[in-house]
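Protein chains in written order, with our numbering: chain U, 29 to 177; chain W, 87 to 228.
The block underneath contains the structure these notes are about, expressed in structure tokens.
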């Protein structure tokens, strides 16, 4: 199955994030309310199933509500690339954007690599202390196909 | 079209910037079995000087992230931030507020005067990692 992983440089371990609102291991961003808080995080998209490949993979923060679409000051952006995006690259990305990944794997072999995904979340100034769990990152795909090899 | 929903969480808390902790680290600490009320509590610093002449006091996040293991994580992350940004680190250990940590440093470092430099911090980190390995469930393979 496809999932997003975080890499812990202290333990040198990749850990998969929880799904579907179970919140047992959510991807967590920490914000300081004293100023506009920008958190940029590198995570990894990965297929852990050696028998499958995936087509038309797309990533997006959801649900598209007043939180994700920036109407109340929060910003949620994604970029799928190896190196950390520059400020200029982030500036042309809209909050709630979708990222087209394409196919993960090939018809005769699964792709089990960790593919970097950059996340940028901005919390507006003076956001009350608290835990905000509503947005999730959607991994969409058209089909999960058995590899022929 | 199939949709997989990956959970995310945004924690808004005062003082996080001062510590330079990653959100992933915070989550790891908070979800770790080691983060238990029965583990002896130690705050790793009473103040953090991360730029020459500029000192920050304890933050709300310090209070949140108590415990020996959390202290290691904080020190580790601070060290990396400092190393990357300023190559400079001094942590002040208050003998009144943190008598156990002060005593330990006094045993470890000759002529300890309450200030931990970057080099000392690295030694302290190794010491604490070894000390708390059993608490983290790490077993010496030998």
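Backbone N, C-alpha and C define an ideal beta-carbon position, used for all residues, glycine too.
Nearest to residue 83(U) by C-alpha distance, out of 128(U), 114(U) and 48(U), is 128(U). Under the three-state reduction of DSSP, residue 102(U) is assigned to coil, being neither helix nor strand.
Assigned with DSSP and collapsed to three states, residue 162(U) falls in coil, not helix or strand. Beta-bridge annotation (DSSP): residue 109(U) is not paired with any residue. Among the CB atoms of chain W, one or more fall inside 9 Å of the CB of residue 172(U). Residue 149(U) places its beta carbon less than 9 Å from that of residue 67(U).
Nearest CB-CB separation between residue 199(W) and chain U: not below the 9 Å threshold. Within the segment 52 to 82 of chain U, the beta strand (DSSP E) runs of at least 3 residues that lie entirely inside it are, in chain order, 55 to 59 and 65 to 75. Against residue 192(W), chain U offers no close residue; the least beta-carbon distance is about 27 Å (beta-carbon pairs closer than 7 Å). DSSP places residue 49(U) in no beta strand (DSSP E); its state is neither H nor E.
A Cβ of chain U is located within less than 9 Å of the beta carbon of residue 91(W). Rounded to the nearest angstrom, the gap between the Cα atoms of residue 106(U) and residue 146(U) is 6 Å.
Against chain W, the beta carbon of residue 161(U) has neighbours under 7 Å at 95, listed in chain order.
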